[in-house]
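Chemist: In the numbering used here, the protein residues as written are 1 to 216.
We treat Cβ as the ideally placed atom computed from N, Cα and C, and that holds for glycine.
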Amino acid sequence: MTKNLFFLFFFILFLQSGFSQEEKEGEPTEVPQAKEIEPTQQIQGEGVTFEEVSKKQNINPLAPSKAAFYSAVLPGLGQIYNRRYWKAPIVWGALGTGIYVYSYNNTEYRRARNAFKRRLAGFSDDEFYDINGDGSGPDISDEALQEAQENTQRDRDLALVITIALYALNIIDANVDSHLQQYNVDDNLALDFQPFIDINPFTNQPNYGMALVVKF
């Protein structure tokens, strides 16, 4: 009798453990869902946020080079590429003025030079010899022609240098402006002056001053 009860007890215990195991195997397994990462959450190990990554993706590192190339091919085109449309007429006006001044002084230089050369050769039929048309001359001396030749040559060369400088400035402006458009102007970047008070450990007197605070 005791043995039967003993075997019956173990038989019930065995059935109970089998049923419980089947119930565990039949229960649906909970799959851990991926945790949604907030836009402002930092990427582990990187120290940057998704917002910063999206901002970096909007930066085109080739844009400054393109703007400079366009302005080199056609002055003002880089400013248009940067959407600084108001700068294009300024570039055209500055370069156009430089080219006009160079062309004007070059023409005057050639006129004075040709007349001066004919005077040295002994001719008196240049356009500056008898300006009044009274048959007597020369109305403009050889020294005045030489001086006019030197002055117009100097002004012509100066206009050429200024025009080249304006052309280079047009390229630099397009390149720098494109860089500044992609410059980080985040609120975390700040430069500020703040007052501070420091206690002197020896005299126990307060020291007043200003501190330059730079935030990155």
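Three or more C-beta pairs closer than 8 Å, one from the region 96-115 and one from the region 124-132: is that the case here?
Modeler: Cβ pair count under 8 Å is three or more, so yes.
Chemist: How is the alpha helix (DSSP H) around F202 delimited, first residue to last?
Modeler: Element bounds for F202: n/a, residue is neither H nor E.
Chemist: My output table needs one value for P138: the three-state DSSP class, helix, strand or coil.
Modeler: Note: P138 maps to coil in three-state DSSP.
Chemist: Taking DSSP as the reference, what is the three-state secondary structure of P64?
Modeler: The answer is helix: DSSP assigns P64 an H, G or I state.
Chemist: Between the Cα of Y100 and the Cα atoms of R156, A121, Y167 and D198, which residue gives the shortest distance?
Modeler: Checked all of R156, A121, Y167 and D198; the closest Cα to Y100 is R156.
Chemist: Could you give the DSSP three-state label for I162: helix, strand or coil?
Modeler: Correct three-state label for I162: helix.
Chemist: Less than 8 Å between C-beta atoms, sequence neighbours within five positions excluded: which residues of the same chain meet that for Y85?
Modeler: Excluding sequence neighbours, Y85 sits near Q79.
Chemist: At which residues does the alpha helix (DSSP H) containing W92 begin and terminate?
Modeler: K87 to L120 is the span of the alpha helix (DSSP H), which, as asked, contains W92.
Chemist: Can you grab the Cα-Cα spacing for the pair A144 / Y104, in whole Å?
Modeler: Straight-line Cα distance between these residues: approximately 19 Å.
Chemist: Please work out which residues of its chain come closer than 8 Å, Cβ to Cβ, to Q149, disregarding the five sequence neighbours upstream and downstream, and give them in chain order.
Modeler: Within the same chain, Q149 has close Cβ partners Y109, A112, R113 and F116.
Chemist: According to DSSP, simplified to helix, strand and coil, what is G76?
Modeler: DSSP places G76 in coil when its eight states are reduced to three.
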